[in-house]
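Colleague: This is the structure, below, for whatever I ask next.
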Amino acid sequence: MPAPTLQTHVVILGAGVIGLTIAHTLTAGEGSNLFKVTILARDMPEDLSSQAFASPWAGANWSPFQGNDRLYRWEKHTFDKFWGMIPTGLVKKLPYRIYSSFGAEDIEAKVSWWRDIVRDFHVLPDDHSLPAKARSGVQFDTYSVNPEAYLPWLKSELESRGVNFVRRRVISLDEACEFAGEGGAVVNATGLGARSLLGVEDTKVYPIRGQVVLVHAPNVNEGLSVFWEDTTKPPKATYLIPRASTPGMVLVGGTFQANNWDTSLSIPTARDILARAKEFSPALAEHTTRIHSHNVGLRPAREGGPRVEVQFYDVPSKDPLVPQACVPTSTKTTLVVHAYGFAGAGYQQSWGAAEEAVRLLKDNLAM
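Okay, structure coming up:
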């Protein structure tokens, strides 16, 4: 009989889209049998009404944010992955338009980094009827995902691969390292939690409050974003995202309020969101449209962008605030891969960032 394979215990802190996608990548393909994976989290994928993590509330589509070479690689890989999932029904092919206050002469520079990520990209012609205040527009095919279907699907896939889910409130990196055991590793995908997780305490992490209205609008068939030179404080964002899995459901946004921790519903904001959106999508004003829900979530942002990197962490910590079950008699070093701070781009960077996180994990475990 062949000798049993020795497995490295990998504990993933966080069950949002980043943690789940890292677990999916780690347990797929060649070498996946080398890992025993546990997801340790306070909030699980089925906790779709929890405002304590961002993933249930996300727009979960692809739209352009600021980019660099690293983010481009993540987004290109992720876009291609989701595009290939369209036949499953979990992902929706979505025609999309962006209207802008930028002049036509500035469009090429603005879109140059991302135009080859999407499909069927083109600049709207000069004779296209633009909305008031818009000076230019582009159109392309992208995708959207419904978190209410996608997150439970990811969990189901992982459970079928033997991934263990443990619901636990973790307050220190030490606790996760102890759970991983001797020779184990930890992936820190705690989102906003990285700010208060003892042993990490990343003060660069901050929330961006997003409020949206989810409506049933069967005659809205295209996605839309509007980008103005916004001088409002805090800035507003206008967008419509028809969702996969639930025909007729459209996410209407929104807000982009940095350092705002308030998860309560603002009625004036909800009215403003709908009024702005109806200017660009008259179908929202039709009698067939009805309100489904009002959603508020906190995007887990980070100054300087996402953190995906390796740390070798000594346990026990010397911080006297870290709880200890007993007096430690020895010290060990645990490999930690950090993966957090994706702001509003968690879904659209998830597969690319997961690929990099898993590569870092394997490289530093000498696999």
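Numbering (our numbering) for the sequence shown: 13 to 379.
The beta carbon of each residue, even a glycine, is placed where N, CA and C say it ideally should be.
Nothing here was measured: the structure is a model prediction, and the numbers come from that model.
#1: Please check the pair Ala256 and Ile30, which I expect to be a contact at CB under 8 Å, by giving their CB distance rounded to whole angstroms.
#2: Which same chain residues end up closer than 6 Å to Ala15 when comparing Cβ atoms and leaving out the 5 residues on each side of it in sequence?
#3: Helix, strand or coil for Thr20, going by three-state DSSP, please let me know.
#4: I need the straight-line Cα distance from Lys88 to Pro107, nearest angstrom please.
#5: Measure the C-alpha to C-alpha separation of Val370 and Leu226 and round it to an integer number of angstroms.
#6: Counting only the same chain and skipping the five closest in sequence on each side, list residues whose C-beta sits under 8 Å from that of Met13.
#7: One question on the structure: do Glu58 and Lys216 come within less than 8 Å of each other, judged by their Cβ atoms?
#8: Spatial neighbours of Val312 within its chain, please: CB distance less than 6 Å, with the 5 preceding and 5 following residues excluded, ordered by chain position.
#9: Out of Asp138, Glu171, Val103, which one is the CA nearest neighbour of Gly149?
#10: Beta-carbon within less than 7 Å of Gln19's beta-carbon, same chain only, minus the 5 sequence neighbours each way: which residues are those?
#11: Tell me which residue opens and which closes the beta strand (DSSP E) that Asn307 is part of.
#12: Which of helix, strand or coil does DSSP assign to Arg131?
#13: Output yes or no for whether 8 Å exceeds the beta carbon distance between Leu170 and Leu32.
#14: Sort Pro259, Glu160, Thr258, Pro254 by Cα distance to Gly265 and report the nearest one.
#15: Can you give me the Cβ contacts of Glu321 inside the same chain, cut-off strictly under 6 Å, excluding the 5 residues immediately before and after it?
#16: Tell me which residue opens and which closes the beta strand (DSSP E) that His228 is part of.
#17: Our contact map puts Val334 next to Leu209 with C-beta atoms below 8 Å; I'd like the distance itself, whole angstroms only.
Modeller: From the atom records:
#1: In fact, because the Cβ distance is near 20 Å, the residues do not count as touching under 8 Å.
#2: For Ala15, the pLDDT reaches just 47, beneath the cut-off of 50, and the residue's location in the model is therefore unreliable, leaving the point undetermined.
#3: strand
#4: Annotation: Lys88 to Pro107 spans about 18 Å, alpha carbon to alpha carbon.
#5: For the pair Val370 and Leu226, the Cα-to-Cα distance works out to about 34 Å.
#6: Interpretation of Met13 is limited by its pLDDT of 42, a score under 50 that renders its predicted location unreliable; the figure taken from the coordinates is listed afterwards. Once the five neighbours on either side are set aside, Met13 has no close Cβ partner at all.
#7: no
#8: The sequence given here places Pro at residue 312; Val does not occur at that position. Once the five neighbours on either side are set aside, the close Cβ partners of Pro312 are Ala66, Gly203, Leu204.
#9: Taking only the C-alpha atoms, the option nearest Gly149 is Asp138.
#10: Leu46, Phe47, Lys48
#11: 302 to 314
#12: strand
#13: yes
#14: Pro254
#15: Cβ neighbours of Glu321 beyond the five flanking positions: His350.
#16: 217 to 228
#17: Wrong, their Cβ atoms sit about 11 Å apart, outside the cutoff.
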